[in-house]
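Before any comments, here is the structure.
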Amino acid sequence: DLHLSIRRQRQMCIRDSYIKAHNDRDLETIMSMNTDSISIEDQDGRLIQGKEMHKAALDAWFTAEDPKWEVYWAMPYKAVSGGEEWIIAGHQVTTTIDGKEKVQLHMIDGQIVNGKIKQFYIYSKGIPEPPKSALDSAE
């Protein structure tokens with residue numbers, strides 16, 4: 167269906183622009199893409215509500231850890247129970263603390279309403295160190 171295809175394309179464009187604004191540290195653009203009542207539940211269960219709280223949290227995180235996002239998959243979908251527009255996406259997020267990089271995998275499940283981000287949930291998983299080979303042990 168053409169309408170569905172156009173809606174999915176629009177959702178993907180919103181997601182791409184949102185991630186680009188994060189990587190560019192463009193808080194003004196990020197805030198313009200949020201609803202006033204944005205709600206975010208992060209991977210630690212912390213709840214961020216409203217644009218001002220979101221802006222303060224991002225500003226502090228950008229300063230402390232310099233996060234960078236690399237999207238490796240994404241899929242728009244329509245909620246089964248209410249028909250809302252959502253997008254689910256996987257990101258590799260690299261942060262830097264005291265010169266040391268840390269990489270995590272994040273999955274974001276976000277609701278889009280009238281072209282704006284209404285809410286999202288963040289799930290994360292660390293990337294384990296590769297196992298040491300027998301050759302590494304011999305050194």
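Residue numbers 167 to 305, in the numbering used here, belong to the letters of the sequence shown in order.
Each residue gets a CB set at the ideal place from its N, CA and C atoms; glycine is no exception.
From a predicted model like this one, the values you see are computed outputs, not experimental measurements.
The alpha-carbon separation between GLU194 and ASN280 amounts to approximately 19 Å. Between the alpha carbons of ALA230 and ILE263 lies a distance of about 7 Å.
Within the same chain, Cβ atoms closer than 7 Å to the Cβ of ILE204 are found at GLY216, LYS217, HIS220, ILE283, LYS284, GLN285, the five residues on either side in sequence being excluded.
In summary, PRO242 is buried, with 16 or more beta-carbon neighbours lying within 10 Å of its beta-carbon over all protein chains present.
Taking the Cα of GLN209 as reference, the smallest distance to any Cα among PRO294, ILE278, LEU271, GLU251 is reached at LEU271. Per DSSP, the beta-bridge partners of GLN215 are SER205. LEU224 and ILE196 have their C-alpha atoms roughly 10 Å apart. By the Cβ neighbour-count rule, ILE293 is exposed, with fewer than 16 other Cβ atoms within 10 Å of its own.
Only residues of its own chain outside the window of five on either side were considered, and among them HIS188, TRP227, VAL259, THR260, THR261 have a CB closer than 8 Å to the CB of PRO233, listed in chain order.
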